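A.B. asks:
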Amino acid sequence: MTWATRFLFFVLGAPLLLGSALALAPAFTQTSLVVNSTGQMGQLLPPAFLTLLSTPGIATSAITSLVSGLLTPAISLAIVFLFLAATQGNSIGNAIAKLSAPVLAIPHAAAAFALALLLAPSGVASRVVASLLGWDLPPDYLFINDPNGLALILGLVLKEAPFLLLISLAALPSLGAPRRVALARTLGYKPTTAWLLTVAPVLYPLVRLPLFAVIVFASSAVDVALILGPSLPPTLSVRLLEWFVAPEIESRQLASAAALLQLVVSLSALGIWLLFERVVARAFAPLAARGASRLSARRVTYDTALTALGNALLPLSLAFILIGIGALMLTSVGTEWRYPALVPSVWSTQQWTSALSEWRAPLFNATMIALLSVTAALALSLFMLEAQARSSVSTARIATFLYLPLLVPQVVFISGIAVLAERALLPPSLTLVAAGHFLFVLPYVYLTLQGGYARFDTRWLMLARTLGASNTVCFWRIRLPLLSTQLVTAVMLGLAISLSLYLPTQILGAGRIPTLTTEAIALVSSGNRSTIGTWALLQSALPTLCFMLALVLPRLIWSRRKGML
Amino acid sequence: MGNSSARAQSAKKTLLVARFAIFWFSILFSVNASSQQPIDVDNWQKITDDARGQRVYFHAWGGDTELNAHLTWIAQEMLSRFGVELIHVKLADTSSAVTRLIAENAAGNVERGSADLIWLNGENFSTLKRANLLFGPWAEEQPNFALVDADRYPEMRQDFGVKTEGFESPWTRSQLIFYYDSERLIEPPRTAEALKNWIKENPGEFTYPRPPAFLGTTLLKQLLVELAVNRSQSSAEVESTFSLPVTAAFDTFSAPLWTFLDEIHSALLREGRHFPQSGTQLRAALYDREISLAFAFSPNEVVSSISRNELAASTKSYVFDSGTLSNVSFVAIPKNAPSKQGAMLVSNFLLSPEVQFRAAINAKLASEPVLAFDNFTPEQQAALRVNAQAPGAVTPIELARKIQEPHPSWTNAIEREWLKRYGGGAPSKGDE
Chain C
326 MTWATRFLFF
336 VLGAPLLLGS
346 ALALAPAFTQ
356 TSLVVNSTGQ
366 MGQLLPPAFL
376 TLLSTPGIAT
386 SAITSLVSGL
396 LTPAISLAIV
406 FLFLAATQGN
416 SIGNAIAKLS
426 APVLAIPHAA
436 AAFALALLLA
446 PSGVASRVVA
456 SLLGWDLPPD
466 YLFINDPNGL
476 ALILGLVLKE
486 APFLLLISLA
496 ALPSLGAPRR
506 VALARTLGYK
516 PTTAWLLTVA
526 PVLYPLVRLP
536 LFAVIVFASS
546 AVDVALILGP
556 SLPPTLSVRL
566 LEWFVAPEIE
576 SRQLASAAAL
586 LQLVVSLSAL
596 GIWLLFERVV
606 ARAFAPLAAR
616 GASRLSARRV
626 TYDTALTALG
636 NALLPLSLAF
646 ILIGIGALML
656 TSVGTEWRYP
666 ALVPSVWSTQ
676 QWTSALSEWR
686 APLFNATMIA
696 LLSVTAALAL
706 SLFMLEAQAR
716 SSVSTARIAT
726 FLYLPLLVPQ
736 VVFISGIAVL
746 AERALLPPSL
756 TLVAAGHFLF
766 VLPYVYLTLQ
776 GGYARFDTRW
786 LMLARTLGAS
796 NTVCFWRIRL
806 PLLSTQLVTA
816 VMLGLAISLS
826 LYLPTQILGA
836 GRIPTLTTEA
846 IALVSSGNRS
856 TIGTWALLQS
866 ALPTLCFMLA
876 LVLPRLIWSR
886 RKGML
Chain E
449 MGNSSARAQS
459 AKKTLLVARF
469 AIFWFSILFS
479 VNASSQQPID
489 VDNWQKITDD
499 ARGQRVYFHA
509 WGGDTELNAH
519 LTWIAQEMLS
529 RFGVELIHVK
539 LADTSSAVTR
549 LIAENAAGNV
559 ERGSADLIWL
569 NGENFSTLKR
579 ANLLFGPWAE
589 EQPNFALVDA
599 DRYPEMRQDF
609 GVKTEGFESP
619 WTRSQLIFYY
629 DSERLIEPPR
639 TAEALKNWIK
649 ENPGEFTYPR
659 PPAFLGTTLL
669 KQLLVELAVN
679 RSQSSAEVES
689 TFSLPVTAAF
699 DTFSAPLWTF
709 LDEIHSALLR
719 EGRHFPQSGT
729 QLRAALYDRE
739 ISLAFAFSPN
749 EVVSSISRNE
759 LAASTKSYVF
769 DSGTLSNVSF
779 VAIPKNAPSK
789 QGAMLVSNFL
799 LSPEVQFRAA
809 INAKLASEPV
819 LAFDNFTPEQ
829 QAALRVNAQA
839 PGAVTPIELA
849 RKIQEPHPSW
859 TNAIEREWLK
869 RYGGGAPSKG
879 DE
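Chains as they are written, first to last, in this note's numbering: chain C, 326 to 890; chain E, 449 to 880.
1. So what does tryptophan 567(E) bridge to, in DSSP terms?
2. Could you check whether the Cβ of leucine 867(E) sits closer than 9 Å to any Cβ belonging to chain C?
3. Just confirm the distance between the C-beta atoms of proline 518(E) and leucine 813(E), as a whole number of angstroms; I'd bet it's less than 8 Å.
4. Name, please, each residue of chain C whose Cβ falls closer than 9 Å to the Cβ of tyrosine 870(E).
5. Taking the beta strand (DSSP E) that glycine 659(C) belongs to, which residues open and close that run?
6. CA-CA distance, arginine 886(C) and tryptophan 785(C)?
7. State buried or exposed for glycine 554(C), treating a residue as buried only when at least 16 other CB atoms are found within 10 Å of its CB.
8. Can you find the residues in the same chain that come closer than 7 Å, C-beta to C-beta, to isoleucine 383(C), ignoring five residues on each side of it along the sequence?
9. Any beta-carbon of chain C closer than 9 Å to the one on alanine 744(E)?
10. Counting only beta-carbon separations shorter than 9 Å, does threonine 830(C) have a partner in chain E?
11. Using a Cβ cut-off of 7 Å, which residues of the segment 845-865 of chain E contact any Cβ in chain D, in chain order?
12. Report yes or no: is there a C-beta of chain C within less than 9 Å of the C-beta of glutamate 758(E)?
13. Can you tell me whether alanine 743(C) is helix, strand or coil according to DSSP?
14. Thinking C-beta only, is phenylalanine 615(E) closer than 9 Å to threonine 666(E)?
15. Would you grab the beta carbon distance between alanine 838(E) and valine 767(E) for me? Rounded to a whole angstrom, and I think it's under 8 Å.
16. May I ask you to list the residues that DSSP assigns as paired with isoleucine 506(E)?
17. Select from Val541(C), Lys484(C), Gly513(C) the residue whose C-alpha is nearest the C-alpha of valine 904(C).
18. With 16 as the cutoff for other CB atoms within 10 Å, does glutamine 670(E) come out buried or exposed?
19. According to a CB-to-CB cut-off of less than 8 Å, which residues of the segment 705-718 of chain E neighbour chain C?
20. What runs of the alpha helix (DSSP H), each 4 residues or longer, lie entirely inside the segment 761-806 of chain E?
21. Within 9 Å of any Cβ in chain E, is that where the Cβ of phenylalanine 800(C) sits?
22. Would you kindly work out how many angstroms separate the C-alpha atoms of leucine 820(C) and threonine 523(C), rounded to a whole number?
23. Going by Cα to Cα distance, which pick from Ser345(C), Ser386(C), Ser657(C) is closest to valine 563(C)?
24. When the cut-off is 9 Å and only beta carbons count, does valine 677(E) lie next to chain C?
25. Does chain C have any CB closer than 9 Å to the CB of lysine 644(E)?
26. Could you tell me if tyrosine 466(C) is buried or exposed, where buried requires 16 or more neighbouring beta carbons within 10 angstroms of its beta carbon?
27. Any beta carbon from chain E within less than 9 Å of phenylalanine 689(C)'s own beta carbon?
28. Quick one: what's got a C-beta closer than 7 Å to lysine 644(E)'s C-beta in the same chain, skipping five residues either side?
29. May I ask which residues mark the beginning and end of the alpha helix (DSSP H) holding serine 682(C)?
30. Using the beta-carbon count (16 or more within 10 Å), is valine 699(C) buried or exposed?
31. Rounding to the nearest angstrom, what Cα-Cα distance links glycine 777(C) and leucine 808(C) in this structure?
32. For isoleucine 846(C), which of helix, strand or coil comes out of DSSP?
33. Please state if the CB of valine 818(E) and the CB of tryptophan 619(E) are separated by a distance shorter than 9 Å.
34. Tell me the DSSP secondary structure of valine 336(C) in three-state form.
35. Who does serine 916(E) pair with in a DSSP beta bridge?
36. Would you say alanine 555(E) faces chain C, with C-beta separation under 9 Å as the test?
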């Protein structure tokens, strides 16, 4: 471990460990108010765990979380790899990939609203069918909030697939995919199969860590589960939060025990995934080694089917979200839109005027928090990368630590940090929230800049030094300007992430620091469709703007230079 | 950086960084040094003077846009009239404020609490009062408290059977009402028994918010009381049982409720496999014709929803024949609130005829005023009478049929039992 690694481990690890410890501690206190029927377990387990284990449906909750934690990454990865295999960098594929950036920018909660608006029994899809079949009343089916969590998984996949796609696209150029495919083609494989057999195995290790983050997120997400997840019983994460905010003191202990269970569930999901990896690797190897000597018709149809799936699934999932956003826009201006009407019958901008009159403070807070956390993350990342570049130490191993905040469920350690801040008599403040956001922003900022540093042509620096420039001059005049694309991307990515964070803002700010995201989710309980639509759109607007800037700004900066993008 | 001037420069830079850090830390750790002095609640003039310049964090449920707008207006008035800065902290659930308060006190934060004023009643109040976390008594010293006429309306001093003893001040009044789409439903059920039969004859047309969602629990309590009265010979015995903390008699008294719920479960919307999260989702389901009968805990819910196009004009509301649950909700000041004087001033302003009237007429709040009717001006009284005639309104005669809330401990007991019976998913699975 270099000093930089240790430092980073401390910055990210300490709040994580302390937070988790404090969140889990109440579960082990013996001063429980809960009267339990002491069985033989009584001596082994603290009372809070007995209460937790005897809670009706707790196993169902845990299993729902586990299944969502496994199916979400599996389906998302399948969609992305099939898409990449089927398009292989052709122009249509590139165009579609560009569309995924704005979808990535849309906060999870807004995407979940959009999906619910499309697929609920009185939703847009049902209205389309109603207008064709002449229904007057909405059908009584249960898909959104279904007990198996299918809607929850679908909602998560729609958001995680674009994320994995962008990660994959960033990693692909270094792999020489066309060469590999060409080689496999000479052995008689069809293009899509060739990509899956030769590129996927080398691409997978590069997306593995982000994928682990997806596993943890999907098994512990709160906002999406609140909107799309089952309610009888809800997912473990939602129950945990319910217990955490319940007024009774014994609920706090129950919440702590549930936090431990959440940790176990998320880690189990990771463990099962690791097993799954081995099984797939075993199955894959002979498949690739066997070759495609016998060009049977079945093999060709197999490849055609895979290509079709790859071409269809990702665009379809993007289209889902974009149509959903369209529906959100309709609700935000439609005041009278009763089932089975296809479009609102009375239009008004009243929701917008009232939302806009209330959005100043939330917007100001959200922007300040985002700027503070991103500035801090940027400064720290540059400082460490520069220090490592000068001492020419490899930076690769640090990446693992950076994923730490993404590998521990947010609900678990953020609530502990709130207790820590409370003990330290730190009042809930904008700075405190920004410090919490910093933990989630840093990984993305650092990784983006690290890519830039890794690809940097150090001969420019040598050249500058021969002309007498100091290290400082080299950094400011050579390094930073040449890295402006990565700088812009890192800043915009960081801003977008900070702007859509819900749990850290809500818990660390004690609800006192309203942001666009907390306001939007507070209105979920109001259930008024047009209000929710308006705030979901407001909440999406800023992150989307950031992503757009990340795409456009480098082009403007380098508009008079060649080959810099 | 070999030469001395560069070193001096870097030292200067370090100094600058240190100063900057100290500046930020001082902001981070800045503590409002004002030590807590006992407040003389009798001296209203001094309270008004001391309140000037204070910042009051009002923790109140933020799920109602009309109420939020009303509070925005109140905040503007508080600033211009009294120099008090009122900040509405929009809660998704009042219990989170209670949790926070408990956590703060557990951590030894006894004078810099995050909330100055909390909107609450029932179990949240009884929890805080029992834990001795509330400031008071102060409520009855407010100049405007006399206007609620608490001697004539004892519910202004009784919160779910728990005596308020000046630790909270009334703000709004609510009552359970039922409403339906008169285009789909001609003769709605007016008793618990009729409701059961109607649900079974019309499967998929009724549901209730999932307890512990406040409105869902309220319906359960309504049914609990009404069914127990039906069953028992002596209504006095029932009344006294519910006004006291829950006892072993819970099983006997709640048995008819669980039989009722078991019977209707599979005839509910989505066959009882999913419940709405809140009253507003229930309302949206009625609006979109998913269900044809719903209920709310605010007498003017239907009137104000129709005016916002959130319910069809054909929606009508009513109260059960034997009456419905009714309660008052209050505002309380935590013991560790930094701006108690400002909070008291806000509470007193909330009780003024001007604000109570505005809430009912201009802001179109769904709840009722707590002021005694004759304490409004004659013009205000006339306007309130006209309001009671609006389409979808419940008549004052119907609203007079009130049932008192059971003791808060019943709420907990019912919620727990409901979650045990239905909260774990498919009933066939049982406990795990």
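C-beta atoms are modelled at their ideal positions from N, C-alpha and C, and glycine is treated no differently.
Given the structure is predicted, the values throughout are model-derived calculations rather than measurements.
C.D. replies: Walking through what the data contain:
1. Val779(E)
2. With 9 Å as the cut-off, leucine 867(E) counts as an interface residue toward chain C.
3. According to the sequence shown, residue 518(E) is histidine rather than proline. Approximately 6 Å separates the beta-carbon atoms of histidine 518(E) and leucine 813(E); this is inside 8 Å, confirming the contact.
4. Pro381, Leu557
5. 659-661
6. 16 Å
7. buried
8. Leu377
9. No, alanine 744(E) does not count as interfacial toward chain C.
10. no
11. No chain D is part of this structure, whose protein chains are labelled C and E.
12. yes
13. helix
14. no
15. Actually they are not in contact, since the Cβ atoms of alanine 838(E) and valine 767(E) sit about 16 Å apart, beyond 8 Å.
16. Sequence inspection shows phenylalanine at residue 506(E); the isoleucine mentioned does not correspond to that position. His536(E), Leu565(E).
17. Outside the modelled stretch of chain C, which goes from 326 to 890, sits residue 904(C), for which no answer is possible.
18. Around the Cβ of glutamine 670(E), a 10 Å sphere holds 16 or more other Cβ atoms; the residue is buried.
19. Leu717, Arg718
20. Note on the segment 761-806 of chain E: whole alpha helix (DSSP H) runs with a minimum of 4 residues are 788-798, in chain order.
21. no
22. 36 Å
23. Minimum Cα distance to valine 563(C) is reached at Ser386(C).
24. no
25. no
26. exposed
27. False, the Cβ-Cβ gap to chain E never drops below 9 Å.
28. Excluding sequence neighbours, lysine 644(E) sits near Phe708, Glu711, Ile712.
29. 675-683
30. buried
31. Rounded to the nearest angstrom, the two C-alpha atoms are 6 Å apart.
32. helix
33. Inclusion of tryptophan 619(E) and valine 818(E) in the CB contact set at 9 Å is warranted, their separation being smaller than that value.
34. helix
35. Any question about residue 916(E) goes unanswered here, given that chain E covers just 449 to 880.
36. yes
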